[in-house]
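Student:
There are 2 protein chains.
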Amino acid sequence: MVTAAGAADRALAWNRIGYAVPWSKQLSTLSVPNLPGAAGPVLEFERRILDSIPEIEHWFRLQWQEHTPPFYGSVDLRNAGFKLAPIDTNLFPGGFNNLSEEALPCAVQAGQVAVERACPDARRLLLIPERHTRNVHYLLNVARLVRILSSTGLEVRIGTLAEEITAPASISLPGGQSLRLEPLVRNGRRIGLPDFDPCVILLNNDLSAGIPDILRGLDPTQTLLPPLHAGWAVRRKSTHFACYNEVAESFARLVQVDPWMINPLFARCGEVDFRDTASNDCLVSQVDQLLAAIREKYRTYEIKQKPFVIVKADAGTYGMGIMTVHDAAEVAALNRKQRNKMAIVKEGLQVSEVIIQEGVPSYETVEDGVAEPVVYLIDRYVVGGFYRVHPERGIDENLNAPGMHFVPLPFRCSCNLPELGAAPGSSMLNRFYIYGVIGRLALLAAALELERGDPSATAAAAGSSRTAIAPALAG
Amino acid sequence: MVTAAGAADRALAWNRIGYAVPWSKQLSTLSVPNLPGAAGPVLEFERRILDSIPEIEHWFRLQWQEHTPPFYGSVDLRNAGFKLAPIDTNLFPGGFNNLSEEALPCAVQAGQVAVERACPDARRLLLIPERHTRNVHYLLNVARLVRILSSTGLEVRIGTLAEEITAPASISLPGGQSLRLEPLVRNGRRIGLPDFDPCVILLNNDLSAGIPDILRGLDPTQTLLPPLHAGWAVRRKSTHFACYNEVAESFARLVQVDPWMINPLFARCGEVDFRDTASNDCLVSQVDQLLAAIREKYRTYEIKQKPFVIVKADAGTYGMGIMTVHDAAEVAALNRKQRNKMAIVKEGLQVSEVIIQEGVPSYETVEDGVAEPVVYLIDRYVVGGFYRVHPERGIDENLNAPGMHFVPLPFRCSCNLPELGAAPGSSMLNRFYIYGVIGRLALLAAALELERGDPSATAAAAGSSRTAIAPALAG
Numbered sequence: 127m128v129t130a131a132g133a134a135d136r137a138l139a140w141n142r143i144g145y146a147v148p149w150s151k152q153l154s155t156l157s158v159p160n161l162p163g164a165a166g167p168v169l170e171f172e173r174r175i176l177d178s179i180p181e182i183e184h185w186f187r188l189q190w191q192e193h194t195p196p197f198y199g200s201v202d203l204r205n206a207g208f209k210l211a212p213i214d215t216n217l218f219p220g221g222f223n224n225l226s227e228e229a230l231p232c233a234v235q236a237g238q239v240a241v242e243r244a245c246p247d248a249r250r251l252l253l254i255p256e257r258h259t260r261n262v263h264y265l266l267n268v269a270r271l272v273r274i275l276s277s278t279g280l281e282v283r284i285g286t287l288a289e290e291i292t293a294p295a296s297i298s299l300p301g302g303q304s305l306r307l308e309p310l311v312r313n314g315r316r317i318g319l320p321d322f323d324p325c326v327i328l329l330n331n332d333l334s335a336g337i338p339d340i341l342r343g344l345d346p347t348q349t350l351l352p353p354l355h356a357g358w359a360v361r362r363k364s365t366h367f368a369c370y371n372e373v374a375e376s377f378a379r380l381v382q383v384d385p386w387m388i389n390p391l392f393a394r395c396g397e398v399d400f401r402d403t404a405s406n407d408c409l410v411s412q413v414d415q416l417l418a419a420i421r422e423k424y425r426t427y428e429i430k431q432k433p434f435v436i437v438k439a440d441a442g443t444y445g446m447g448i449m450t451v452h453d454a455a456e457v458a459a460l461n462r463k464q465r466n467k468m469a470i471v472k473e474g475l476q477v478s479e480v481i482i483q484e485g486v487p488s489y490e491t492v493e494d495g496v497a498e499p500v501v502y503l504i505d506r507y508v509v510g511g512f513y514r515v516h517p518e519r520g521i522d523e524n525l526n527a528p529g530m531h532f533v534p535l536p537f538r539c540s541c542n543l544p545e546l547g548a549a550p551g552s553s554m555l556n557r558f559y560i561y562g563v564i565g566r567l568a569l570l571a572a573a574l575e576l577e578r579g580d581p582s583a584t585a586a587a588a589g590s591s592r593t594a595i596a597p598a599l600a601g
Numbered sequence: 127m128v129t130a131a132g133a134a135d136r137a138l139a140w141n142r143i144g145y146a147v148p149w150s151k152q153l154s155t156l157s158v159p160n161l162p163g164a165a166g167p168v169l170e171f172e173r174r175i176l177d178s179i180p181e182i183e184h185w186f187r188l189q190w191q192e193h194t195p196p197f198y199g200s201v202d203l204r205n206a207g208f209k210l211a212p213i214d215t216n217l218f219p220g221g222f223n224n225l226s227e228e229a230l231p232c233a234v235q236a237g238q239v240a241v242e243r244a245c246p247d248a249r250r251l252l253l254i255p256e257r258h259t260r261n262v263h264y265l266l267n268v269a270r271l272v273r274i275l276s277s278t279g280l281e282v283r284i285g286t287l288a289e290e291i292t293a294p295a296s297i298s299l300p301g302g303q304s305l306r307l308e309p310l311v312r313n314g315r316r317i318g319l320p321d322f323d324p325c326v327i328l329l330n331n332d333l334s335a336g337i338p339d340i341l342r343g344l345d346p347t348q349t350l351l352p353p354l355h356a357g358w359a360v361r362r363k364s365t366h367f368a369c370y371n372e373v374a375e376s377f378a379r380l381v382q383v384d385p386w387m388i389n390p391l392f393a394r395c396g397e398v399d400f401r402d403t404a405s406n407d408c409l410v411s412q413v414d415q416l417l418a419a420i421r422e423k424y425r426t427y428e429i430k431q432k433p434f435v436i437v438k439a440d441a442g443t444y445g446m447g448i449m450t451v452h453d454a455a456e457v458a459a460l461n462r463k464q465r466n467k468m469a470i471v472k473e474g475l476q477v478s479e480v481i482i483q484e485g486v487p488s489y490e491t492v493e494d495g496v497a498e499p500v501v502y503l504i505d506r507y508v509v510g511g512f513y514r515v516h517p518e519r520g521i522d523e524n525l526n527a528p529g530m531h532f533v534p535l536p537f538r539c540s541c542n543l544p545e546l547g548a549a550p551g552s553s554m555l556n557r558f559y560i561y562g563v564i565g566r567l568a569l570l571a572a573a574l575e576l577e578r579g580d581p582s583a584t585a586a587a588a589g590s591s592r593t594a595i596a597p598a599l600a601g
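Going down the list, the sequences are from chains U and A. Position in the first sequence (from 1) plus 126 gives the number in the numbering used here. Position in the second sequence (from 1) plus 126 gives the number in the numbering used here.
1. Would you say His184 of chain A faces chain U, with C-beta separation under 9 angstroms as the test?
2. If you measure from the beta carbon of Gln152 of chain U to each beta carbon in chain A, is any gap under 9 angstroms?
3. Does DSSP put Gly547 of chain A in a helix, a strand or coil?
4. Per the contact definition of three or more C-beta pairs closer than 8 angstroms, is the stretch 225-245 of chain U in contact with the stretch 521-529 of chain U?
5. Using three-state DSSP, classify Ile182 of chain U as helix, strand or coil.
6. Please confirm whether Asp603 of chain U has its beta-carbon closer than 9 angstroms to some beta-carbon of chain A.
7. Using a Cβ-Cβ cut-off of less than 8 angstroms, give me the residues of the stretch 277-303 of chain U that come near chain A, in sequence order.
8. Taking only the alpha-carbon atoms, compute the straight-line gap between Gln382 of chain A and Ala368 of chain A and give it to the nearest angstrom.
9. To the nearest angstrom, how far is the alpha carbon of Ala206 of chain A from that of Leu305 of chain A?
10. Find the residues of chain A that neighbour Ser607 of chain U, judging by a C-beta separation of less than 9 angstroms, and give them in chain order.
11. In the stretch 386-432 of chain A, which residue ranges form an unbroken alpha helix (DSSP H) of at least 4 residues, counting only runs that do not cross its ends?
12. Please report how far the alpha carbon of Tyr198 of chain A lies from the alpha carbon of Gly357 of chain A, in whole angstroms.
13. Give me the Cα-Cα distance between Ile297 of chain A and Val435 of chain A, rounded to the nearest whole angstrom.
14. Check the Cβ-Cβ distances between Pro231 of chain U and every residue of chain A, and say whether any is below 9 angstroms.
15. Could you spell out where the alpha helix (DSSP H) holding Gly562 of chain A opens and where it closes?
16. Which of the residues in the stretch 384-406 of chain A, read from start to end, lie with their CB under 9 angstroms from any CB of chain U?
17. What residue ranges within the stretch 253-323 of chain A form continuous beta strand (DSSP E) runs of no fewer than 3 residues, ordered along the chain?
18. Who are the neighbours of Asn542 of chain U on chain A, taking C-beta pairs under 7 angstroms?
19. Candidates U:Arg204, U:Asn331, U:Glu484, U:Phe208: which alpha carbon is nearest Lys430 of chain U's?
20. Cβ atoms of Leu188 of chain U and Leu546 of chain U: under 9 angstroms apart, would you say?
21. What does the alpha-carbon distance come out to for the pair Pro324 of chain A and Gln348 of chain A?
22. Name the one or two DSSP bridge partners that Ala497 of chain A has.
23. How do the stretch 225-235 of chain U and the stretch 246-254 of chain U stand: do at least 3 beta-carbon pairs fall below 8 angstroms, yes or no?
24. For Pro212 of chain A, which of helix, strand or coil comes out of DSSP?
25. Assuming contact is defined by CB atoms lying nearer than 9 angstroms, are Leu607 of chain A and Ile327 of chain A in contact in what I supplied?
26. Kindly indicate the opening and closing residues of the beta strand (DSSP E) around Ala240 of chain A.
27. Give the residues of chain A in contact with Glu575 of chain U, contact being defined as C-beta atoms less than 9 angstroms apart.
28. Could you confirm whether any beta carbon from chain U is found closer than 9 angstroms to the beta carbon of Pro528 of chain A?
29. Is the beta carbon of Phe171 of chain A closer than 9 angstroms to that of Leu217 of chain A?
30. Given a cut-off of 9 angstroms on the beta-carbon distance, is the pair Val533 of chain A and Phe512 of chain A in contact?
31. Identify whether Val381 of chain U lies in helix, strand or coil by the three-state DSSP scheme.
32. For a test of the three-state rule: what should DSSP assign to Tyr370 of chain A, helix, strand or coil?
33. Per DSSP, what kind of secondary structure is Ser582 of chain A in: helix, strand or coil?
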């Protein structure tokens with residue numbers, strides 16, 4: 127579990143940097159997550175990105191004219207030094223409360239753009255959170271979202287799907303805040319609250335348990351964001367990363383790097399039963415092939431590490447059902463306990479489809495814990511981020527697990543202020559700018575994914591020129 | 127002159143607020159500009175604004191769909207307690223260097239929106255600054271603008287109109303920065319630098335000296351922002367405030383206040399010669415009538431102060447040619463020195479058109495100096511602000527004069543984070559949110575002004591329903 131007090135202390139430590147030294151100096155010397163791999167290829171990669179900023183931002187502007195960004199998202203990244211890649215893109219981000227206070231004004235500004243895009247005429251927004259009403263950390267996230275959305279100038283209320291909430295209920299939160307949850311009601315083809323008919327409904331519920339009937343077949347004048355097919359009832363990680371392949375390909379051509387430097391290889395198996403050893407042939411052979419492909423890449427770049435893959439549910443979240451595998455034999459030899467752990471994810475769902483993803487070791491550490499950056503986006507803007515830190519996990523393990531804590535990026539590490547002229551590897555502003563770029567690439571992949579998966583689109587044929595990523599023009 | 131070191135020290139003092147107390151608490155107790163008038167009507171006004179935030183933001187969203195915001199702007203405000211009004215709107219703002227570092231990420235984000243609007247295909251932007259190349263404070267403003275615009279992902283270079291710059295010149299600035307100024311060149315109908323053909327040209331030169339030939343008749347695929355008719359060669363303050371009348375009227379209806387609470391009364395005289403006493407009849411009679419109108423308002427609201435007006439050039443800037451008048455007889459009795467001072471403004475231009483504006487006393491003080499807030503906007507977003515403080519001036523005097531200094535709003539006083547639920551008058555966040563609202567009203571007036579003054583518009587008939595401010599609908 128997140129230790130809220132610990133996280134707050136750490137955030138404070140980051141903020142306690144004095145003001146006597148120019149802040150750009152401080153960043154490169156104080157409290158900077160350590161990245162020992164910051165040499166050789168990673169510096170060359172950083173240089174290419176920084177040299178191409180006008181081309182990169184121009185390319186993004188054109189992409190966002192063709193593809194509509196999701197309302198919001200968060201992207202988990204892993205920085206291996208030789209490789210920097212997104213490993214998970216969340217379209218119903220929790221954890222907004224882990225962003226620094228200083229990130230709020232930009233989040234509000236981005237929220238204004240997102241609201242304008244979704245429904246310029248909006249006055250009222252209904253937020254539908256996850257059902258779990260007892261997780262304080264999650265409720266702090268909801269409170270933070272309410273604050274951001276209210277500050278864009280909308281009247282915001284919360285409609286819950288939780289069955290135990292049968293009447294409006296106020297929940298007190300640490301820090302003197304409180305949240306009012308009200309039971310969601312349906313009236314004909316519209317949803318809302320008894321005295322509140324919203325124009326926009328924002329889901330912060332990833333629909334892991336399936337699409338509730340109350341959300342189906344809504345009046346098209348009520349805008350539901352993100353759309354239902356963004357939920358885990360429909361969405362697949364493998365589809366997202368297939369879209370990311372295209373995005374990474376085009377971007378890598380633009381900045382002239384090997385797409386592999388920003389893209390984890392992956393495969394999928396559609397019919398896995400972890401409780402039945404016989405049904406795992408697909409998994410064993412895919413793991414084997416993927417490890418071979420990574421080994422090949424490691425040879426090319428003279429990387430000495432031992433390759434590994436991550437096996438995880440193709441639909442789902444919350445860091446459950448995730449396993450690190452260095453050898454296909456490990457999959458065949460899983461014991462009963464391990465099998466059971468893999469077989470069930472959030473909301474008790476059975477796992478039958480899995481994605482096998484190239485493992486990207488994380489060489490960043492914060493206070494001796496292995497750390498991975500998480501980037502938050504609203505509309506097409508990076509609005510902040512934090513490090514997920516797990517002191518007891520290895521560089522090749524999932525960090526999204528009990529024992530993790532969060533260290534907000536200090537405000538000064540904004541993701542949109544590259545420090546041109548700084549020596550490669552010396553500037554945190556540049557490192558975070560690049561994290562913002564990779565986060566936006568993942569968001570663009572999500573945009574493609576939602577566009578192509580839209581059941582109401584008439585011409586959503588995958589691969590049609592209408593929906594493809596525009597090729598990068600020569601710099 | 128601005129005392130740069132002093133301003134930096136003060137900014138530091140603001141930033142040095144500790145982190146142990148929740149920051150919203152600190153704001154209401156520490157370093158808060160004093161506003162003794164914060165009672166009675168001003169609290170009622172604050173309450174109305176805060177109660178109407180969803181209506182206000184909705185109204186702005188609709189306005190910005192109809193009217194294109196200028197690329198950037200800054201608005202001088204005066205808070206009299208009983209009245210809060212813009213007194214000057216600058217469409218070529220200097221002073222970006224006076225914003226806090228913490229305001230930068232939001233400025234960059236707003237800049238991205240502005241660039242997208244102006245020219246989504248842009249890669250290169252040429253900045254044309256004022257001619258005066260020796261004013262360090264102004265050059266620091268240019269450097270800050272370059273930083274913001276480069277961070278949006280454009281290649282930015284500076285083309286100067288200064289005749290003494292005949293070859294590229296680097297100028298060193300305090301803090302180790304440097305600026306490269308290059309002579310602007312014209313090639314057919316395009317302008318740029320010898321090896322730099324920009325898609326967007328951003329003027330940071332208010333064209334007080336007239337429109338240079340080099341800027342006339344440009345290729346329409348080169349976007350010049352703000353347009354030439356935004357410069358003082360064409361623009362008139364009285365036209366701006368006539369547009370602001372409409373904006374204030376509509377907004378006041380929305381929040382149900384007397385428009386006078388946010389709008390300074392004004393009049394103009396088109397043919398004044400300060401050196402010829404006989405030609406000042408218009409001025410004397412206008413001053414007299416305006417003072418009478420203010421007196422009437424003061425009676426209605428039981429305001430005990432002595433009314434005054436400000437007489438200033440209808441075209442022009444830089445705080446020159448500005449005079450405080452409490453009685454029309456003062457105008458008739460000006461001595462030769464005072465006349466000469468009024469007769470000439472920036473770039474040696476003669477003043478023949480003047481605006482007579484209701485004086486709004488400033489009851490805010492920072493460290494015992496009379497202070498007025500200045501709000502900065504890029505596209506339709508408030509991106510920061512500062513207090514202009516003048517320790518030697520009275521509450522009824524122009525503060526934009528030698529001896530002033532600048533105190534940046536601390537980052538925490540972002541203008542887009544109203545603190546709902548705070549008691550009226552107790553929250554700096556709320557005071558700055560309201561300043562942001564008034565700043566945006568002035569920006570909207572500028573949008574109307576530029577739209578109607580556009581010489582290339584075919585249907586720019588003033589007052590047509592196309593260009594009018596949409597009426598506020600009932601809450």
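Here a beta-carbon is modelled for each residue, glycine too, at the ideal position from N, C-alpha and C.
Tutor: Let me spell this out:
1. It does: the Cβ of His184 of chain A has a partner Cβ on chain U nearer than 9 angstroms.
2. Low local confidence applies: a pLDDT of 29 at Gln152 of chain U is under 50, so the model's placement there is unreliable, with the coordinate-based value given in what follows. No, Gln152 of chain U does not count as interfacial toward chain A.
3. coil
4. no
5. helix
6. No answer is possible for residue 603 of chain U: it lies beyond the span of chain U, which begins at 127 and ends at 601.
7. Cβ contacts with chain A come from Ser277, Thr278, Gly279, Leu280, Glu281, Gly301.
8. 21 angstroms
9. 40 angstroms
10. Any question about residue 607 of chain U goes unanswered here, given that chain U covers just 127 to 601.
11. 407-426
12. 13 angstroms
13. 42 angstroms
14. yes
15. 554-578
16. none
17. 281-286, 295-298, 304-309, 311-313, 316-318
18. Pro231, Val234, Gln235, Ser277
19. U:Phe208
20. Their beta carbons are not under 9 angstroms apart, which means Leu546 of chain U does not touch Leu188 of chain U by this criterion.
21. 7 angstroms
22. A:Val515
23. no
24. strand
25. Past the boundaries of the shown model lies residue 607 of chain A; chain A is included only from 127 to 601, so the question cannot be answered.
26. Run containing Ala240 of chain A: none in the beta strand (DSSP E); it sits in the alpha helix (DSSP H), 230-244.
27. In chain order: nothing, as chain A lies at least about 23 angstroms away.
28. no
29. no
30. Between Val533 of chain A and Phe512 of chain A, the C-beta gap is smaller than 9 angstroms, which places the two residues in contact.
31. helix
32. helix
33. coil
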